[in-house]
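For the protein sequence lines, the chains are A and B, in the order given. Residue numbers for the first sequence follow this note's numbering, so the first one is 1 and each next one is one higher. Residue numbers for the second sequence follow this note's numbering, so the first one is 114 and each next one is one higher. Don't be surprised by glycine CBs; every beta carbon is placed ideally from N, CA and C. Here the structure is a predicted model, which means the values were calculated and not measured. Each remark here refers to the structure printed beneath this line.
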Amino acid sequence: SQTIHQWPATLVQPVGSPLSLECTVEGTSNPNLYWYRQAAGRGLQLLFYSVGIGQISSEVPQNLSASRPQDRQFILSSKKLLLSDSGFYLCAWSEGQRNSPLHFGNGTRLTVT
Amino acid sequence: DAKTTQPNSMESNEEEPVHLPCNHSTISGTDYIHWYRQLPSQGPEYVIHGLTSNVNNRMASLAIAEDRKSSTLILHRATLRDAAVYYCILRDQGTGNQFYFGTGTSLTVIP
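What follows is the structure, encoded as structure tokens:
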């Protein structure tokens, strides 16, 4: 069966520090991969998605970036965090077919101080 | 980018059915309708999806209007564990596989 791993679960970082969040998927090949962010009390905002290795589409211009160095690995990064980057970050995957659902990881709660 | 409209909040009594509505008037013929729910401090959980016909699974039923411009998620007997935010979204294959979430419906279940 397929599983998705996302870490760390919680993170407290000072303003201006770098960020690296990692997500891996097991049990499937060539998945679509997604990064979402959820601010406190808000809905989910799609940040990046990827349909293959090295293929990244950005939905929202900001100081975050994403990379997909391997088929089932998706990384969210920032060189310098802002206070506004605080939130709940969620990685998700789906098959390529349009009738395939999204499967989410457990999320990373990021607090920028 | 969200293409669906849902009420912000709804309440239901425990053990009664719940009908959660969703409007998607701009749906295209290739869009699947997906429903997810999110418990506090957790990632969203897949509930059900469909294209044209009504769908049933162990968690819920999905009723899709004949013109596909609206749908309803039906929880047959609400329990306290069903209290969550429910999201209705469209999977748009035509524009690159994005899933856009709106603000969802916050369901409160009253004991």
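When DSSP builds the beta bridges, which residues end up paired with Gly163 of chain B? B:Ile146
With H, G and I counted as helix, E and B as strand and the rest as coil, what does DSSP make of Ser174 of chain B? strand
Based on DSSP bridge pairs, tell me the residues matched to Gln119 of chain B. None; Gln119 of chain B has no bridge partner.
Does any residue of chain B have a CB that is nearer than 8 Å to the CB of Asn99 of chain A? yes
Helix or strand or just coil, what does DSSP make of Leu188 of chain B? strand
Three-pair Cβ contact test at 8 Å for the stretch 27-36 of chain A versus the stretch 135-149 of chain B: no
Within the chosen definition, does the stretch 8-26 of chain A reach the stretch 70-82 of chain A through at least 3 CB pairs nearer than 8 Å? yes
At a CB distance below 8 Å, what residues from the stretch 158-178 of chain B approach chain A? Give them in sequence order. Glu158, Tyr159, His162 and Leu164
Cβ pair Leu203 of chain B, His137 of chain B closer than 8 Å: yes
Within chain A, the residues that His147 of chain B reaches when beta carbons sit closer than 8 Å: Pro101 and Leu102
Interface residues of chain A around Gly142 of chain B at Cβ under 7 Å? Near Gly142 of chain B there are no residues of chain A at all, since even the closest Cβ is about 11 Å away, more than 7 Å.
Does any CB atom of chain A fall closer than 8 Å to the CB of Tyr213 of chain B? yes
Please state whether DSSP places Ser84 of chain A in a helix, a strand or coil. helix
Could you give the distance in angstroms between the alpha-carbon of Thr185 of chain B and the alpha-carbon of Glu128 of chain B? 18 Å
DSSP bridge partner residues for Leu90 of chain A (one or two, in chain order): A:Tyr36
Segment limits, beta strand (DSSP E) that includes Thr24 of chain A: Leu19 to Glu26
Is any beta-carbon of chain B found at less than 8 Å from that of Leu76 of chain A? no
Tell me the rounded alpha-carbon separation between Gly107 of chain A and Leu83 of chain A. 19 Å
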